[in-house]
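Residues 1 to 692 (the UniProt record's numbering) are what the sequence shown spells out, left to right.
Backbone N, C-alpha and C fix where the C-beta goes; we use that ideal spot for every residue, glycine too.
These numbers come from a predicted model, not from an experiment.
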Amino acid sequence: MLLAAGRLTRRHVTSQQPLLQVGYVLVRPFTEYSSFPADHRRAAEELVNYKPIAANPQAKKIAVLGGGITGLAAAYELARTIPHASITVYEKSERLGGWLNSEVVPVKGGEIIFEWGARSFRTPRGDGLATTMLLRHLLEEAESSDRRPTIRNHIIAYPPGSGAANDRWIYYPDHLVRLPGPKDGFKLPALWNNIRSFITEPIWRGVFMGMLSEPTKPGRDPELKDESVGEFLTRRFGSAVADNFASAVIHGIYAGDIYKLSVHTAMPLLSHLERHSKEHTVLGELFFNKGGAWKPWHDFVLRELIARKSGHKSANYLEPGGFSTFTDGMSGWTRLLKYPLLNAKRVTIQKSSPVTSLSYKDSKVLVTDASGSAKTFDYAISTLPAKTMRTLVSGSRTFDPIAPATTVMVVNLFYPEGSLTTAVGADGLSGFGYLIPRSVPVEQNPERALGVIFAHNSSGDTGPESVEGLGRRDSWQSPEGCQEVIETLTADQTEMTSKQSEGTQHASLVNLRQLSAYRRRLDQFNAGKVRPDEKIIDRSGQDTVKGAKLTVMLGGHWWDGWSEQDYPSEEEGIQMAKSVLRRHLDIHDNPEVAKAKLQRDCIPQYPVGYRDYMAKVHEEIHSKFEDRLKLAGPFYQGAVGVNDCIKQATWAAMAIRDNRDPTAISRYAEKLEGWVHPGPDAQFPGDSARQT
């Protein structure tokens with residue numbers, strides 16, 4: 001069960017203590033003048049000599065505060081790994097899932113899905129391991145229960161080379177510009193288009209000179225602990241990279257301001273590479289030293305522990321992926337996690353139960369809800385926003401600095417097939433969508449839009465696929481194969497109809513939608529309405545009606561400081577979105593359906609100095625709750641993706657089960673942040689580690 005040993009290396013350390021073998025990795029300190037932390041050494045020893053341990057016997061009653069993706073994933077992991085524990089989930093609303101919210105909208109001829117939060121999740125090598133293993137646990141459980149079809153038939157996966165995953169656009173200064181994709185390679189058409197773009201498009205002016213001059217830039221002042229993303233990129237690559245590209249990316253991820261967000265948190269790899277490199281060149285590390293392979297020590301430890309606990313020697317068996325969603329939208333996560341929890345004997349989900357107080361006494365965490373009911377727990381995991389925790393923890397003074405969050409108006413519009421005309425042509429609506437950088441003139445973006453998502457390109461166009469990543473069979477493209485799938489789905493439907501659990505009722509509805517799409521498509525083929533070269537099953541994803549589904553995101557950091565009355569109404573938001581589409585894409589048609597929602601304080605912001613703020617939060621929680629309260633969720637993990645939420649939920653649950661991390665965020669209290677890099681020389685256990 002040992003890792004293939006590599007080298008654990010320290011620089012500028014006077015101690016001659018032997019170095020630890022820690023697997024196929026090369027570990028270096030975050031700064032050249034610091035030694036490797038003792039707790040990292042202990043973690044390395046644990047990985048090399050890993051043995052399963054019994055679950056924490058003190059964890060008999062556990063509270064999970066918040067029923068979003070983080071809370072549900074944490075509750076599921078607790079129930080799975082601590083079978084003797086009683087778990088109570090507190091959710092303030094009647095609906096579970098938090099910001100994951102997929103709405104089924106009826107339209108002429110069928111129905112479509114509008115997403116109001118995250119619309120996909122990625123499962124790349126390493127970073128997505130917690131997500132992948134969670135899906136596999138759910139699949140294994142579903143396979144042995146009456147919910148078998150709910151996962152295997154309802155995941156929509158897009159490989160890295162697909163158009164939806166490969167094509168990205170930026171609007172600058174008054175038109176769409178396609179960015180080179182990872183799968184363009186040296187294909188002549190793509191190569192020529194990219195070269196022409198580099199020469200003619202204004203967005204690239206100053207970019208190449210900034211990149212070429214980056215190795216000559218001096219390193220950061222050693223006394224400067226942190227700086228903004230914008231300041232870092234401008235200092236190293238020039239303002240064109242920061243304002244034209246990075247600001248667009250940050251708009252799409254955080255709806256934030258690059259001159260306020262911490263580079264150490266939002267782009268930790270780049271910050272690390274500058275400090276790690278002897279020449280202080282980021283590009284040199286990326287291109288010549290495989291700098292992109294560096295991982296924070298905490299992420300590496302979690303990844304390897306998950307792999308070992310799941311029976312794998314290492315996490316490296318995973319292949320990189322594109323992105324995925326579910327046929328019933330990202331609320332599929334809520335469905336998949338909710339039903340095993342509802343059916344678990346020792347799990348209670350209390351909806352419409354906002355927590356009003358959180359305290360600690362006599363080695364117990366006391367949770368009080370709005371009804372006045374107070375219960376004691378051995379441990380608790382809080383996924384609640386920072387400003388909510390500020391009101392729950394009596395006398396807290398540390399949550400305020402990390403409380404900022406942006407407000408975004410999300411507008412979804414649907415245009416039936418054949419009803420939409422746009423001057424940009426078919427290629428203009430390919431790919432995932434486009435983002436709008438801060439450098440776009442205000443007259444081209446007076447609505448302060450952040451970007452537009454071509455949601456129809458990530459809503460389906462695939463047949464049923466398993467979580468293992470099995471591709472759609474070619475036989476499904478024949479009438480006989482299509483009929484075979486229909487018969488399989490019909491049998492599944494009959495089986496589910498005979499069941500009475502809440503899980504199969506929901507799965508039955510999803511199954512019926514897919515069955516209806518297959519039958520309708522086969523009828524079209526039999527009626528001669530399908531061309532001989534056209535695939536029979538060309539749409540069995542989220543939407544049963546073809547068309548253009550667009551999502552416009554408005555506001556974000558542009559609305560910082562606004563009061564409630566300053567925000568646009570939903571109808572005003574729809575009109576603003578139409579104006580953006582008219583100006584940017586020349587779309588003058590009226591959508592069949594248009595809906596808007598103002599998502600208040602939906603995306604946490606990580607200001608300069610965020611790591612120091614979080615260290616203070618750790619110290620306060622550690623002091624007041626004596627290791628019995630763990631923190632998880634976007635406000636405390638420095639990242640907002642679904643993978644990040646599941647990863648931190650897994651770590652928080654593991655911290656309770658194994659009694660390892662006092663707050664689940666103790667990494668912020670370390671003065672030295674460790675980083676891990678694949679070792680250049682693979683060794684096997686027993687080989688002596690060499691110091692360099």
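Cα-Cα separation, F288 to T281: Approximately 11 Å between the Cα atoms of the pair.
Residue range of the unbroken beta strand (DSSP E) whose run includes P604: Where P604 is concerned, the enclosing beta strand (DSSP E) stretches over V593 to P604.
Exposed unless 16 or more other CB atoms sit within 10 angstroms - verdict on D543: By the neighbour-count rule (16 or more Cβ atoms within 10 Å), D543 is buried.
Short Cβ contact (8 Å threshold) for M330 with A449: Cβ distance not < 8 Å, so M330 and A449 don't count as in contact.
Under 8 Å between C-beta atoms of L550 and L413: Contact flag set, yes.
N-terminal and C-terminal residue of the beta strand (DSSP E) that H456 is part of: Counting along the chain, H456 falls outside any beta strand (DSSP E), and DSSP gives it neither H nor E.
DSSP three-state assignment for W169, whether helix, strand or coil: Residue state, collapsed to three classes: strand.
Neighbour flag for V365 against chain B, beta carbons, 8 Å: Of the protein chains in this structure there is only one, and it is not chain B.
Distance CB(A649)-CB(A74) smaller than 8 Å: With respect to A74, A649 sits close: the two C-beta atoms are nearer than 8 Å.
Residue range of the unbroken alpha helix (DSSP H) whose run includes K92: Judged by DSSP secondary structure, K92 falls outside any alpha helix (DSSP H); it is assigned neither H nor E.
Three-state secondary structure (DSSP) of H677: Here H677 sits in strand by DSSP.
Identified DSSP bridge partners for M553: In DSSP, M553 forms a bridge with V410 and G451.
Nearest residue (CA-CA) to F237, options V642, G252, H251 and K217: Of the residues V642, G252, H251 and K217, the one whose Cα lies closest to the Cα of F237 is K217.
Enclosing alpha helix (DSSP H) for L341 [first to last residue]: Bounds of the alpha helix (DSSP H) holding L341 are G332 to N343.
For L179, the residue or residues it bridges with in DSSP: L179 is bridged by DSSP to R168.
DSSP three-state assignment for I195, whether helix, strand or coil: Correct three-state label for I195: helix.
Assigned secondary structure, V608 (DSSP; H/G/I helix, E/B strand, else coil): The three-state secondary structure of V608, taken from DSSP, is coil.
Cβ neighbours of E91 in the same chain (closer than 6 Å, five flanking residues each side left out): Hits under 6 Å: G67 and K351.
Straight-line gap, E223 to R275 (C-alpha atoms, nearest Å): About 12 Å.
N- and C-terminal bounds of the beta strand (DSSP E) containing S579: Premise fails: S579 lies in the alpha helix (DSSP H), E570 to L585, not in any beta strand (DSSP E).
In DSSP terms, what K364 is bridged to: The beta-bridge partner set that DSSP reports for K364 consists of K361.
Residues sharing a beta bridge with L420, DSSP: DSSP lists no beta-bridge partner residue for L420.
Residues near F300 by beta carbon distance below 6 Å, same chain, minus five either side: So the qualifying residues of the chain are V676.
Best match in L435, V89, A639 and R335 for proximity to K61 [C-alpha to C-alpha]: Just measuring C-alpha positions, the residue of L435, V89, A639 and R335 sitting nearest K61 is V89.
Classification of N56 by the beta-carbon crowding that lies within 10 angstroms, buried from 16 upward: Burial call: buried.
For Y668 and G674, the rounded distance between their alpha carbons: Rounded to the nearest whole angstrom, the C-alpha separation of G674 and Y668 is 11 Å.
Nearest candidate by alpha-carbon position, reference G322, set F121, H456 and R628: Ranking the options by Cα distance to G322, first place goes to F121.
Pairwise C-alpha distance: H618 and V580: Those two C-alpha atoms are separated by around 43 Å.
Assigned secondary structure, Y254 (DSSP; H/G/I helix, E/B strand, else coil): Annotated three-state conformation of Y254 is coil, per DSSP.
DSSP state of D627 mapped onto helix, strand, coil: Note: D627 maps to coil in three-state DSSP.
Alpha carbon of K578 to alpha carbon of A594, nearest angstrom: Their backbone Cα atoms lie some 9 Å apart in a straight line.
Alpha helix (DSSP H) segment containing T348, residue limits: Per DSSP, T348 belongs to no alpha helix (DSSP H); it is in the beta strand (DSSP E), V347 to Q350.
Residues bridged to P106 (per DSSP): Paired residues: E111.
Residues bridged to D369 (per DSSP): Per DSSP, V355.
Residues of its chain near R80, where Cβ-Cβ distance is below 7 Å and the 5 sequence neighbours each way are ignored: The residues are H137.
Bridge partners - P296, DSSP secondary structure assignment: P296 pairs with W675.
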